[in-house]
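Quick note on UniProt numbering: the sequence shown kicks off at 1 and runs consecutively. Backbone N, C-alpha and C define an ideal beta-carbon position, used for all residues, glycine too.
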Amino acid sequence: MERRYASHPNEVKQFDTDRLRQEFHIPTLFTADKLELVLTHEDRLIIGGAYPVKQDVKLETDLKELGVSFFLERREIGAINVGGPGTIIVDGTEYDLNTKDCLYVGMGSKEVIFRSKDADKPAKFYLNSAPAHKEFPTAKTTLGEADSSALGSIQNSNDRTIHRFIHADGIQSSQLVMGMTQLKTGNMWNTMPAHVHPRRMEAYMYFDLPEDSVVIHLMGEPTETRHIVMRNEEAVISPSWSIHSGVGTSNYTFIWGMAGDNKIYSDMDAVAMKDLR
1 MERRYASHPN EVKQFDTDRL RQEFHIPTLF TADKLELVLT HEDRLIIGGA YPVKQDVKLE
61 TDLKELGVSF FLERREIGAI NVGGPGTIIV DGTEYDLNTK DCLYVGMGSK EVIFRSKDAD
121 KPAKFYLNSA PAHKEFPTAK TTLGEADSSA LGSIQNSNDR TIHRFIHADG IQSSQLVMGM
181 TQLKTGNMWN TMPAHVHPRR MEAYMYFDLP EDSVVIHLMG EPTETRHIVM RNEEAVISPS
241 WSIHSGVGTS NYTFIWGMAG DNKIYSDMDA VAMKDLR
């Protein structure tokens with residue numbers, strides 16, 4: 001498991017492109033038959049992916065980094081499938097996930113196994129894990145069952161649908177919040193006008209992006225913005241003091257995950273367009 005430290009905004013102002021990417025960009029989430037994990041000290045969120053192709057993948061890592069005897073001893077995890085049909089086995093119980101289905105696994109679950117139903121169309125499980133203080137039951141929701149709402153407009157190039165999976169009025173968790181935003185054809189902007197939420201950090205994972213397309217992800221303090229070029233199935237860490245917005249060369253989908261002081265999706269501090277620099 002790779003470790004990333006938290007960064008102060010005054011320090012980030014001095015970063016060049018390479019340093020910015022080293023600190024916040026996660027280029028590799030899916031390696032065949034492996035578990036890829038990155039631990040950020042921003043609210044100690046773990047971001048990663050499980051990609052079972054020819055064999056199962058177990059949720060396991062160097063436990064010294066976490067100070068526990070098994071991965072979910074004091075953690076919870078959310079998994080969203082962005083590949084073909086798959087199965088997650090939690091302490092012997094099987095949960096089938098189609099594309100864009102979500103599974104929450106609560107604190108105390110000892111064995112989590114990721115499996116694909118077809119090696120020619122393998123599942124890809126995108127993962128977010130946060131520290132937990134209370135047990136909540138394992139729960140699944142499909143894209144069709146999610147709490148969804150339409151936002152934006154074609155006039156502003158941000159006509160999109162937001163699907164909330166793990167949140168205060170959906171799947172219950174200790175602190176993890178997860179969902180997905182889908183931009184309609186011809187729309188490129190997400191989360192603009194921008195906002196910050198100093199009480200929670202966030203991570204984005206961009207996907208459904210054509211091979212020759214990119215998303216310019218905007219981050220930084222509202223008056224000190226920076227950008228990171230993102231490609232398909234890559235993730236980015238957003239500290240609580242940073243905006244998190246982007247514009248693509250085509251439409252795309254992204255998964256957002258948050259951890260911090262509360263689970264209130266609408267708890268955010270808006271940034272006026274005139275204040276962005």
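Only counting runs of 3 or more residues, tell me where the beta strand (DSSP E) segments fall wholly within the segment 187-245, in order along the chain. Those beta strand (DSSP E) runs which fall completely within the segment 187-245 and span 3+ residues are 200-207, 215-221, 224-230 and 234-238.
Could you tell me whether the Cβ atoms of Ala123 and Leu97 are closer together than 8 Å? Yes, they are a contact pair.
Quick one: measure Cβ to Cβ for Gly179 and His163, integer angstroms, because I've assumed they're closer than 8 Å. 5 Å
Would you mind giving the Cβ-Cβ distance between Asn232 and Met188, rounded to the nearest angstrom? I have them listed as a contact below 8 Å. At roughly 15 Å, the Cβ-Cβ gap does not stay under 8 Å, so Asn232 and Met188 are not in contact.
Given 8 Å as the limit, is there contact between the segment 44-58 and the segment 212-221, that is, 3 or more CB pairs closer than that? no
Compare the beta carbon distance of Met258 and Val177 with 8 Å and say whether it is the shorter of the two. yes
For Tyr104 and Ile171, believed in contact at Cβ under 8 Å, the rounded distance: 5 Å
Terminal residues of the continuous beta strand (DSSP E) containing Phe165? Taken as a continuous stretch (DSSP letters only), the beta strand (DSSP E) holding Phe165 covers Arg160 to Ile166.
Can you tell me where the alpha helix (DSSP H) holding Val177 begins and where it ends? Judged by DSSP secondary structure, Val177 falls outside any alpha helix (DSSP H) and instead within the beta strand (DSSP E) spanning Val177 to Leu183.
What would DSSP say about Lys263, mapped onto helix, strand or coil? coil
Taking only the alpha-carbon atoms, compute the straight-line gap between Asp62 and Ile80 and give it to the nearest angstrom. So the two alpha carbons sit approximately 23 Å from each other.
If you follow the beta strand (DSSP E) that Arg75 is part of, which residue opens it and which one closes it? Arg75 to Asn81
Judging by CA-CA distance, which residue of Ile26, Asp33 and Pro52 is the nearest neighbour of Thr40? Ile26
What do you get for Lys100, buried or exposed, if any count of 16 or more other CB atoms within 10 angstroms of its CB means buried? Looking at its Cβ environment, which holds 16 or more other Cβ atoms inside 10 Å, Lys100 is buried.
What does the alpha-carbon distance come out to for the pair Val229 and Thr249? 11 Å
With 16 other Cβ atoms within 10 Å as the buried cut-off, status of Ile154: exposed
Reducing DSSP to helix, strand and coil, say where Pro85 ends up. coil
Rounded to the nearest angstrom, what separates Tyr265 and Leu37 at their Cα positions? 25 Å
Where does the unbroken beta strand (DSSP E) through Asp147 begin, and where does it stop? Boundaries of the beta strand (DSSP E) around Asp147: Asp147 to Leu151.
Run of the beta strand (DSSP E) containing Leu39, from where it starts to where it stops: Leu35 to Thr40
If you count every other CB in all the chains shown that lies within 10 Å of the CB of Asp118, and 16 or more means buried, which is it? exposed
Within 8 Å, strictly: CB atoms of Trp241 and Pro9: yes
I'd like the list of long-range same chain contacts for Thr161, defined as Cβ closer than 8 Å, with 5 residues on each side in sequence excluded. Ser148, Ser149, Ala150, Leu151, Thr181, Gln182 and Lys184
Leaving out five residues on either side along the sequence, give the residues of the same chain with a beta carbon under 6 Å from the beta carbon of Tyr5. His41
Determine whether the beta carbon atoms of Ile89 and Phe125 lie at a separation below 8 Å. no
Thinking C-alpha only, which one of Asn156, Thr138, Lys34 and Phe165 is nearest Gly144? Selected option, being the one with the closest Cα: Phe165.
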